[in-house]
Amino acid sequence: MQANTSPAPASAWWLALIAPLLWGTTYPVTKAWLVGFDPMWLATLRILVPGLLMLPLVPLSVWRSRWLAIAVLSTLNIGLFTALLFAGLQRLPGGMAATLTASMPLQILLIRALLGRFPSLLQLLCATGGIAGVALLVWQSPVTPDWTGVACSLLAATSMSIGVLLIPVLGKDIKPMIMTSAQLALAGVVLLLVTMLAGRPFPQLTLGSVLALGWLGPVTMGMGYILWFRSVARLPVDKLAFLGLVNPVVAVVAGVLFLSEALSLVQLAAIVLVLVCVVMAQLPARTQAKG
1 MQANTSPAPA SAWWLALIAP LLWGTTYPVT KAWLVGFDPM WLATLRILVP
51 GLLMLPLVPL SVWRSRWLAI AVLSTLNIGL FTALLFAGLQ RLPGGMAATL
101 TASMPLQILL IRALLGRFPS LLQLLCATGG IAGVALLVWQ SPVTPDWTGV
151 ACSLLAATSM SIGVLLIPVL GKDIKPMIMT SAQLALAGVV LLLVTMLAGR
201 PFPQLTLGSV LALGWLGPVT MGMGYILWFR SVARLPVDKL AFLGLVNPVV
251 AVVAGVLFLS EALSLVQLAA IVLVLVCVVM AQLPARTQAK G
């Protein structure tokens with residue numbers, strides 16, 4: 001992976017931030033309009049619908065020449081990540097699963113260290129501080145943790161970490177729109193087959209659930225991943241990953257604003273801690289070489 005020594009414009013960072021802001025709305029939308037909705041069908045439809053809508057954007061030449069790269073990236077960034085994420089959510093309280101998934105920035109730093117690109121002390125402090133902030137914000141600890149669920153949540157973060165690091169390598173010379181469309185389409189079809197083979201009955205749809213799926217699919221998944229993969233190609237991954245910590249912050253704030261949920265002083269302090277860690281993790285990107 002080649003380092004990009006030219007500083008990215010501020011607009012690139014703001015566009016990158018839109019993705020976790022969109023993903024953070026998943027919690028309030030699901031709680032308001034998709035309570036009891038089968039989680040496997042929810043994961044399948046929110047990926048399959050935008051994938052099929054965007055499928056015509058992928059030229060046949062890309063499928064023929066880059067099918068293996070697309071399959072690997074689709075599995076790591078979307079398919080396997082989503083499966084492990086929902087497996088963790090089914091076995092753990094949502095707050096605990098979110099905290100474990102928030103280890104993604106730290107995992108990316110550790111993977112890069114194994115490859116010889118060692119993180120700074122500031123990056124390590126921001127990564128651990130971010131995890132602590134998310135834990136204070138949403139943590140719900142069971143008496144006896146389900147260690148399978150713990151492993152699934154951690155591996156979900158690992159899957160996305162490896163996938164994001166591989167995008168500049170395997171996705172080189174593929175436009176972000178095409179890369180996003182191909183990954184969503186392939187992952188959606190695979191998840192559809194898995195869900196149908198599992199014998200899960202198709203859920204009953206209402207107007208509210210259809211509108212909610214329209215938001216969670218084409219908007220949060222489609223638009224969100226387009227912006228995310230576009231940002232991966234333009235911004236240093238070890239800095240970009242920290243923006244994902246904004247996701248649980250948005251979820252909690254949206255719950256307060258739209259679902260009349262309470263916000264404690266501890267949670268307010270946690271939000272400040274998370275945002276400080278996110279901002280501090282970006283500062284060196286202005287003066288250090290990116291890659």
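Here the sequence shown is numbered in full-length UniProt numbering, starting from 1 and rising by one per residue.
For glycine and all other residues, C-beta sits at the position ideal for the given N, C-alpha and C.
Here the structure is a predicted model, which means the values were calculated and not measured.
Requested in this report: Identify, in the order they occur along the chain, each residue of the same chain with its Cβ nearer than 6 angstroms to the Cβ of Ser153, setting aside the five sequence neighbours on each side.
Outcome: Gly88, Ala97, Leu100, Thr101
Query - Close beta carbons around Ala185, own chain, < 6 angstroms, minus the five adjacent residues each side - result: The residues are Gly51, Leu55.
Requested in this report: Note down, in chain order, each residue of its chain lying with its Cβ closer than 7 angstroms to the Cβ of residue 304, except the 5 sequence neighbours on either side.
Outcome: There is simply no residue 304 to check, as the chain begins at 1 and stops at 291 in what is shown.
Query raised in the report: Once you ignore the five residues that flank Val250 on each side, which residues in its own chain have a CB closer than 6 angstroms to its CB?
Result: Exclusion of the five residues before and after Val250 leaves Leu21, Gly24 as the residues of its chain whose Cβ lies within less than 6 angstroms of its Cβ.
Query raised in the report: In or out: Leu197 buried (at least 16 other Cβ within 10 Å) or exposed?
Result: Leu197 comes out exposed.
Query raised in the report: Among residues of its own chain, excluding the 5 on either side of Gly188, which ones have a beta-carbon nearer than 6 angstroms to its beta-carbon?
Result: Excluding residues within five positions, the ones whose Cβ falls inside 6 angstroms are Ile47, Leu48, Gly51.
**Report entry** From Pro119, Thr148, Arg112, residue whose alpha carbon lies closest to that of Gly163
**Finding:** Nearest to Gly163 by alpha-carbon distance, out of Pro119, Thr148, Arg112, is Arg112.
Requested in this report: Buried or exposed for Trp67, please, with buried defined as at least 16 other CB atoms from any protein chain shown within 10 angstroms of its CB.
Outcome: Trp67 is exposed by the Cβ-count criterion.
Query - Whole-Å CB distance - Met160 paired with Leu76, under 8 angstroms assumed - result: 7 angstroms
Query raised in the report: Which whole-angstrom value describes the C-beta separation of Arg200 and Met40, a residue pair presumed to lie in contact below a C-beta threshold of 8 angstroms?
Result: 5 angstroms
Report task. Taking all protein chains shown into account, decide if Ser103 is buried (16 or more other Cβ within 10 angstroms of its Cβ) or exposed. Result -> buried
**Report entry** Reduced DSSP secondary structure (H/G/I, E/B, other) of Leu205
**Finding:** coil
Query - Selection from Thr220, Ser209, Trp63 that minimises the alpha carbon distance to Ile18 - result: Thr220
Query raised in the report: What did DSSP end up calling Asp238 once you bin it into helix, strand or coil?
Result: In the structure shown, the three-state DSSP call for Asp238 is helix.
Report task. Taking 8 angstroms as the threshold, find out whether the region 57-67 comes into contact with the region 165-182 through three or more Cβ pairs. Result -> Touching, yes, given that three or more Cβ pairs across the two stretches are closer than 8 angstroms.
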